[in-house]
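Participant:
2 protein chains.
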Amino acid sequence: MTFAPGTFEIVARDGHARAGVLHTAHGAIETPIFMPVGTQASVKALSSADLRALGAPIILGNTYHLSLRPGAERIAALGGLHRFMAWPGAILTDSGGFQVFSLRERRTIDEDGVTFRSHLDGSEQRLTPERAMEIQAHLGSDIAMAFDECPPSDAPVDVVTAAMARTTRWARRCAVAPRAPGQLRFGIVQGGTDVALRRAHLGEIAALPFEGLALGGLGVGEPPEVMHAVVGDIAPAMPADRPRYLMGVGTPEDLRAGIRAGIDMFDCVMPTRNARNGQLFVRAGRLNIANAPYRDDPRPVEEGCPCECCASYSRAYLAHLFHAKELLYYRLATVHNLQHHLDLARRARAAIIAGVAGQATW
Amino acid sequence: MTFAPGTFEIVARDGHARAGVLHTAHGAIETPIFMPVGTQASVKALSSADLRALGAPIILGNTYHLSLRPGAERIAALGGLHRFMAWPGAILTDSGGFQVFSLRERRTIDEDGVTFRSHLDGSEQRLTPERAMEIQAHLGSDIAMAFDECPPSDAPVDVVTAAMARTTRWARRCAVAPRAPGQLRFGIVQGGTDVALRRAHLGEIAALPFEGLALGGLGVGEPPEVMHAVVGDIAPAMPADRPRYLMGVGTPEDLRAGIRAGIDMFDCVMPTRNARNGQLFVRAGRLNIANAPYRDDPRPVEEGCPCECCASYSRAYLAHLFHAKELLYYRLATVHNLQHHLDLARRARAAIIAGVAGQATW
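Protein chains in written order, with my numbering: chain A, 23 to 384; chain B, 23 to 384.
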């Protein structure tokens, strides 16, 4: 039995937590899921075979970066992003909103869209809701995100409410823009850390015909306990029949809090970026491979971890590669950290199905 | 039927060219062979699984680099170099002579050995023939190279002859030094580009109980045609019953000339280093992935090449990764270039067995 892209089945609930299956044009995604970030058409240091070996069903691509280089039209001419990066699984593309609004000194905003300067060559560029959706249609992603205005975490309330209103107007334009065959569209809920604002904006975005809903503007500098409280309040209020995506999050603790609140999807550069900086995630916490004792440690990073790094190599070897700045280090460390985050989500799903999601064992 | 390490069978000859099998403690090596260079216990950007997928039966490790970091005694305590880098195939370690003599401003030589400063921290270090062999015994390589004096390519004749004499005295010490179980020892023939000197030194080194003989001090700056002429003269004069190894060489043209002259083994950083700089080897020549047209080229680097890079990815994708400095580029390009060099040696072997080594088709 196959399902149309966009079909979202919930197979189990435990408290607010849900175990589901999201059907896309490139496969079914068991949720909760952590999505590795492949900003520039590559999850840094990994091949598509590496990602398949990790069992990742979906990865992210980035509209801002890909539209600047190599260019959305070029990728379309080469057969789309899946073919370009030889990735048979699903791809979610963000809309570029978050990146563009991070260029504080280099962009001007108007009602129709944003004009900004490329970080690569300083050239003037423009993104509108329609262009963001057109780029994502060119890329041929399975899930396209609406183009939103993402205010800083310390923005005053009038800035936050103005961004919410603009995001809603832009969301209406995104929701009717052309899309690629089978492509799903997700709306983005803003509102900062104010739960009342979040609820108000959720009402506006949930009223639009998006196949999924995301929380944007969290994990952008506010304390984790603040973010967990906001997610704990707002996630259960999101429509139960659509997937819920917490954007740009996060740590293992963030994933646990989010999943318990009913979030289905996460993405974050943390496991990949921290791997390159020497921080490896293990179930007991974190390990900094630069620390001296690891030079002589014959154990794998994590005993029992099925990843290529732990299956074949010792902490001593990883420490050597790290100190010697050998390219292999970045790949092995990235493989391990992604295995950690993917396995955390898998254990969460099993715990939800078993009705033990409230326990701290996953 | 298994053979003792060091057994060298010649299975076919065609002109001076030979197809053979060298038995080591970590497997049989079909010759002619190109050996990827893993200077710091890693063939740059590749895992041991990558090397197995390439079908590489033997790789290099480097005494100078590994003794400085992570340290030979540390690797021994961790179970040896094979276990350290999770490499089940054979390993040849150079003796450190070439690296130490390249540190022109930072070393002093005496009859017993060489004192030099580490390129990592400036600390004073010492290598002698006995210490070079001890390090290689700690590493547990399958083939250990004698510690030699390698003069520059433009050295005057008296410097070359003095280096030959010292290399012979050091070779006698290396030939009786302790070694790891099953470890083979190869002697190194110096003599610059003067064939008469080469023949004289070959006589001295061939008289010692080495299981193989290498030509050192070639491919160090002299014109390729000069090197090819020297190899063409000296290789056929090397003992026919022992493997012949041309150190640090080279280009596809160098491999062809060497194989036709009767060389069995090669190593060079060229395929791996050039890959990282954007130069990809194809049967028709070389391709610089930085060139603009490749950005839109949907073809693989080389049609029909079985490597992971060519099997899955386009020139356009590689060009994108190269321009974006994505880590995956370095691995894919390295995989391809090593496949090229390994396949060249495989085709040479098949041509020798078929009696068509003189033809230009391999």
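We put the beta carbon where it would ideally sit given N, CA and C, even for glycine.
Any beta-carbon of chain A closer than 9 angstroms to the one on residue 387 of chain B?
Facilitator: Any question about residue 387 of chain B goes unanswered here, given that chain B covers just 23 to 384.
Participant: For residue 281 of chain B and residue 250 of chain B, what's the separation of their Cα atoms in angstroms?
Facilitator: Rounded to the nearest angstrom, the two C-alpha atoms are 11 angstroms apart.
Participant: Let's see if you can read the secondary structure: which residues bound the alpha helix (DSSP H) around residue 157 of chain A?
Facilitator: Residues 151 to 161.
Participant: Going residue by residue through the stretch 140 to 223 of chain A, where are the continuous beta strand (DSSP E) segments of at least 3 residues, counting only ones entirely within it?
Facilitator: Taking only runs of at least 3 residues, the beta strand (DSSP E) segments lying wholly in the stretch 140 to 223 of chain A are 146 to 149, 165 to 167 and 206 to 211.
Participant: Run through chain A and tell me which residues come within less than 7 angstroms of residue 140 of chain B, C-beta to C-beta.
Facilitator: Those within 7 angstroms of residue 140 of chain B in chain A number zero; the least Cβ separation is about 13 angstroms.
Participant: Taking the alpha helix (DSSP H) that residue 34 of chain A falls in, what are its first and last residues?
Facilitator: Where residue 34 of chain A is concerned, there is no enclosing alpha helix (DSSP H), although the beta strand (DSSP E) it sits in stretches over 30 to 36.
Participant: Looking at the strands, I want to know which residues DSSP matches up with residue 303 of chain A.
Facilitator: Answer is A:308, bridged to residue 303 of chain A.
Participant: Which of the three DSSP states, helix, strand or coil, is assigned to residue 285 of chain B?
Facilitator: Coil at residue 285 of chain B, not helix or strand.
Participant: Since residue 284 of chain B and residue 264 of chain B should fall inside the 8 angstroms C-beta cutoff, what is the C-beta to C-beta distance between them, to a whole number of angstroms?
Facilitator: Actually they do not touch by this definition, with Cβ atoms about 11 angstroms apart.
Participant: Of all the residues that make up the stretch 29 to 62 of chain A, which are near chain B by a beta-carbon distance shorter than 8 angstroms?
Facilitator: Result list: 62.
Participant: Let me see if you follow: with CB-CB separation under 9 angstroms, is residue 312 of chain A close to chain B or not?
Facilitator: No, residue 312 of chain A does not count as interfacial toward chain B.
Participant: For residue 47 of chain A, does the count of other Cβ atoms within 10 angstroms reach 16, so buried, or fall short, so exposed?
Facilitator: Answer is buried; the Cβ neighbour count reaches 16.
Participant: Taking the alpha-carbon positions, what's the residue 370 of chain A to residue 57 of chain A distance?
Facilitator: Cα-Cα distance, rounded: 15 angstroms.
Participant: Is the beta carbon of residue 185 of chain B sitting closer than 9 angstroms to the one on residue 117 of chain B?
Facilitator: No, the Cβ-Cβ distance between residue 185 of chain B and residue 117 of chain B is not below 9 angstroms.
Participant: Alpha carbon to alpha carbon, how far is residue 84 of chain B from residue 268 of chain B?
Facilitator: Cα-Cα distance, rounded: 16 angstroms.
Participant: For the stretch 344 to 373 of chain B, which residues have a beta carbon sitting closer than 8 angstroms to at least one beta carbon of chain A?
Facilitator: Within the stretch 344 to 373 of chain B, the qualifying residues are 345, 346, 348, 349, 350, 352, 353 and 354.
Participant: Find the residues of chain A that neighbour residue 338 of chain B, judging by a C-beta separation of less than 8 angstroms, and give them in chain order.
Facilitator: Chain A residues near residue 338 of chain B: 92, 96, 100 and 106.
Participant: Note down the Cα distance separating residue 262 of chain B from residue 161 of chain B, rounded to an integer number of angstroms.
Facilitator: So the alpha carbons of these two residues sit roughly 29 angstroms apart.
Participant: Under DSSP, the alpha helix (DSSP H) around residue 98 of chain B begins and ends at which residues?
Facilitator: Run containing residue 98 of chain B: 94 to 99, per the alpha helix (DSSP H) assignment.
Participant: Within 8 angstroms, do at least three Cβ pairs link the stretch 139 to 148 of chain B to the stretch 188 to 197 of chain B?
Facilitator: No contact exists between the stretch 188 to 197 of chain B and the stretch 139 to 148 of chain B.
Participant: Is the CB of residue 71 of chain A under 9 angstroms away from at least one CB in chain B?
Facilitator: Answer yes: the Cβ-Cβ gap between residue 71 of chain A and chain B drops below 9 angstroms somewhere.
Participant: Name the DSSP beta bridge partners of residue 267 of chain A, please?
Facilitator: DSSP, once it has assigned bridges, lists A:236 and A:287 as partnering residue 267 of chain A.
Participant: By how many angstroms is the C-alpha of residue 80 of chain B removed from the C-alpha of residue 114 of chain A?
Facilitator: Between residue 114 of chain A and residue 80 of chain B, the C-alpha separation is close to 42 angstroms.
Participant: For residue 335 of chain A, which residues in chain B fall below 7 angstroms Cβ to Cβ?
Facilitator: Under the 7 angstroms cutoff, chain B gives 108.
Participant: Can you name, in chain order, every residue of its own chain whose Cβ lies under 8 angstroms from the Cβ of residue 354 of chain A, other than the five neighbours on each side?
Facilitator: Excluding residues within five positions, the ones whose Cβ falls inside 8 angstroms are 330, 331, 335, 340 and 343.
Participant: Out of B:38, B:358 and B:124, point me to the one whose CA is closest to residue 301 of chain B's CA.
Facilitator: When each option's Cα is compared against that of residue 301 of chain B, the closest is B:358.
Participant: Measuring CA to CA, which of B:324, B:290, B:292 and B:172 is closest to residue 306 of chain B?
Facilitator: Among B:324, B:290, B:292 and B:172, the Cα nearest to that of residue 306 of chain B belongs to B:324.
Participant: Short check: CB of residue 200 of chain A to CB of residue 159 of chain A, under 9 angstroms?
Facilitator: Against a cut-off of 9 angstroms, the Cβ pair of residue 159 of chain A and residue 200 of chain A comes out as a contact.
Participant: Give me the Cα-Cα distance between residue 373 of chain B and residue 258 of chain B, rounded to the nearest whole angstrom.
Facilitator: Cα-Cα distance, rounded: 19 angstroms.
Participant: Looking at residue 315 of chain A: is its Cβ nearer than 9 angstroms to the Cβ of residue 303 of chain A?
Facilitator: In this structure, residue 303 of chain A does not lie closer than 9 angstroms to residue 315 of chain A by Cβ.
Participant: Since residue 57 of chain B is in the beta strand (DSSP E), which residue starts that stretch and which ends it?
Facilitator: Note, residue 57 of chain B: beta strand (DSSP E), 55 to 57.
Participant: Anyone know if the C-beta pair for residue 297 of chain A and residue 352 of chain A falls short of 9 angstroms?
Facilitator: Yes.
Participant: Label residue 54 of chain A either buried or exposed according to how many other C-beta atoms from any shown protein chain fall within 10 Å of its C-beta, with 16 as the threshold for buried.
Facilitator: Counting Cβ neighbours within 10 Å, residue 54 of chain A comes out buried, since at least 16 surround it.
Participant: Could you give the DSSP three-state label for residue 383 of chain B: helix, strand or coil?
Facilitator: Here residue 383 of chain B sits in coil by DSSP.
Participant: Just checking, does the stretch 271 to 279 of chain B make contact with the stretch 234 to 252 of chain B on the three C-beta pairs under 8 angstroms criterion?
Facilitator: Yes, the stretch 271 to 279 of chain B touches the stretch 234 to 252 of chain B.
Participant: Establish whether the CB of residue 89 of chain B and some CB of chain A are separated by less than 9 angstroms.
Facilitator: It does not; no Cβ of chain A falls within 9 angstroms.
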